[in-house]
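These notes concern the structure reproduced below.
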Amino acid sequence: MTDLASWAALSKCIAKQTQRGTSPMAQWLRLSFHCRGQGSHPWSFWLSLQAQPHLVFEGDILILRCRGRKNAELSQVTYYRDGKFLHFSKNNRPLFLGTATANSSGHYNCTGRVKYTRNMDSWDSGTATVQVQEWFPPPVLTALPSHELCEGKPVTLRCQTKPHSQTLAWRLLFSFHKDGRTLQNRSPRPELRIPAAKEGDSGLYWCKASPEGGRVQKRSPQLELRVWTPVSRPLLTLRPTSLVVGDEVELLCEAQRGSPPILYSFHLNGDILRNHVAPHGGPASCLFRVMSQQDAGSYSCEAGNRVSRETSEPETLSVDDPQVLSAPTSRNWLVPGLLASLLAMMVIAAVLMGYFRPWRKNDPSSIPGSGRSPGEGKGCPLQYSGLENSMDFLLSLHLHKTSFRAWKLYMICKGKVDSAPSAQSALEGAQ
Numbered sequence: 001m002t003d004l005a006s007w008a009a010l011s012k013c014i015a016k017q018t019q020r021g022t023s024p025m026a027q028w029l030r031l032s033f034h035c036r037g038q039g040s041h042p043w044s045f046w047l048s049l050q051a052q053p054h055l056v057f058e059g060d061i062l063i064l065r066c067r068g069r070k071n072a073e074l075s076q077v078t079y080y081r082d083g084k085f086l087h088f089s090k091n092n093r094p095l096f097l098g099t100a101t102a103n104s105s106g107h108y109n110c111t112g113r114v115k116y117t118r119n120m121d122s123w124d125s126g127t128a129t130v131q132v133q134e135w136f137p138p139p140v141l142t143a144l145p146s147h148e149l150c151e152g153k154p155v156t157l158r159c160q161t162k163p164h165s166q167t168l169a170w171r172l173l174f175s176f177h178k179d180g181r182t183l184q185n186r187s188p189r190p191e192l193r194i195p196a197a198k199e200g201d202s203g204l205y206w207c208k209a210s211p212e213g214g215r216v217q218k219r220s221p222q223l224e225l226r227v228w229t230p231v232s233r234p235l236l237t238l239r240p241t242s243l244v245v246g247d248e249v250e251l252l253c254e255a256q257r258g259s260p261p262i263l264y265s266f267h268l269n270g271d272i273l274r275n276h277v278a279p280h281g282g283p284a285s286c287l288f289r290v291m292s293q294q295d296a297g298s299y300s301c302e303a304g305n306r307v308s309r310e311t312s313e314p315e316t317l318s319v320d321d322p323q324v325l326s327a328p329t330s331r332n333w334l335v336p337g338l339l340a341s342l343l344a345m346m347v348i349a350a351v352l353m354g355y356f357r358p359w360r361k362n363d364p365s366s367i368p369g370s371g372r373s374p375g376e377g378k379g380c381p382l383q384y385s386g387l388e389n390s391m392d393f394l395l396s397l398h399l400h401k402t403s404f405r406a407w408k409l410y411m412i413c414k415g416k417v418d419s420a421p422s423a424q425s426a427l428e429g430a431q
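Numbering (UniProt numbering), first residue to last: 1 to 431.
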């Protein structure tokens, strides 16, 4: 911080102006002020700024002292850093800047007044540069062989840094941390080994390094370790498995195990239909409408992540022909149609019986072959002891050919329920 040329010029000027009988200090102050105009700058050398320690490392206690020439006492001392006010001391006390860091580096200077003199000017120390040295650079955490690996594989975490040449005698200690938890605390080993990684070992890791004295501690950037679980064989479900054109079908594919995200793909006869990403795992579905019989075939799905891929068992989807399905549909209406026809015939039979019954009572001889049975007037007027009543016989015969149930209903209408079985026997014999 001393400019020898300026100092020599100032000393030469003062020597020419020296007077006997005055104190050396008074002469120095007076003559140095007198010689300012001759190109010298005595205020640059009257004060000096000292930084302790001489070689400043991170973690050291940094102290600044403003001193006068020949230990002259100073007052009204002001400290500056990079031209900006830093601290004022009335009695020139040392300035303690605390633990030095990289941010403590800068250009410092001080100004002050010399006590016990008539000259009240402030003097400047000039600039002193303070450069704080690193013990070691911030460590870097690495994963070997990789920060992404399959479940069950080993992995080693290594905390790497290089100490300063002046601090090689100090031993560094290392700590390893994950998601806020300490895994290894202040060990001389810069490595952490995981023999068989699990999916639960995934997370954010970092390490710290510090010398044994603990004067400084530095932390590495975070490293994300990702342990992948291979996907299991997916299961494909079709809902439904048999349908017709125009129906909707859902394909559901799910892998029970596997680290997300999982990519699903759906296939028909080996050709890819659609992709679906499950960012948090779980199943994937594909819903579509059957457009033609070409949508029938063998369906499968595939599930995969960063480390594995698996394919499901194929499932068959059948699409029925609408023309084939129309025949059973028409047969479903056959029974109601026959029943309706039968009911109509029953109504016709009832009308005919209502028409011929009073005519038969008024003129029994009008019906050929008719005769009175012994029990006439005590029951149903119609008796089947032969084929006397040709009209009733023809109607009952026609109804019996259609359904015996119709004959029974007809007999109910006639009030002849009990004789229905015998009539059935007679008809069976007639056939």
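Virtual Cβ for every residue (Gly too), placed ideally from N, Cα, C.
- K70 carries a helical assignment under DSSP once its states are collapsed to helix, strand and coil.
- Beyond the five residues adjoining it in sequence on each side, N269 comes within less than 6 Å, by CB distance, of G297 and S298 in the same chain, given in chain order.
- P211: member of the beta strand (DSSP E) spanning G203 to P211, first to last residue.
- Selection W46, V56, R193 and A344 evaluated against R215 yields V56 as nearest (Cα-Cα).
- Bounds of the beta strand (DSSP E) holding S285 are A284 to R289.
- Within the same chain, P53 and A100 come within 7 Å of D60 by CB-CB distance, once the 5 residues on both sides are set aside.
- Ranking A303, V132, Y79 and S146 by CA distance to the CA of P230 puts A303 first.
- Secondary structure at G200: helix, using DSSP grouped into helix, strand and coil.
- Taking all protein chains shown into account, F88 has fewer than 16 neighbouring C-beta atoms within 10 Å of its C-beta and is therefore exposed.
- Boundaries of the beta strand (DSSP E) around V249: E248 to E254.
- Per DSSP, reduced to three states, the secondary structure at A349 is helical.
- Boundaries of the beta strand (DSSP E) around K84: K84 to S89.
- The way I'd put it, the stretch 206-223 does touch the stretch 176-184; three or more beta-carbon pairs between them come closer than 8 Å.
- By the Cβ-count criterion, A196 is exposed, with fewer than 16 other Cβ atoms from all chains shown falling within 10 Å of its own Cβ.
- Contact annotation: the stretch 267-282 does not touch the stretch 187-201, with fewer than three C-beta pairs closer than 8 Å.
- Annotation for S122: no beta strand (DSSP E) segment contains it, and DSSP assigns it neither H nor E.
- In the three-state DSSP reduction, L55 falls in the coil class, being neither helix nor strand.
- The continuous stretches of beta strand (DSSP E) do not include A296, and DSSP gives it neither H nor E.
- By the beta-carbon neighbour count (other beta carbons within 10 angstroms, threshold 16), M346 is buried.
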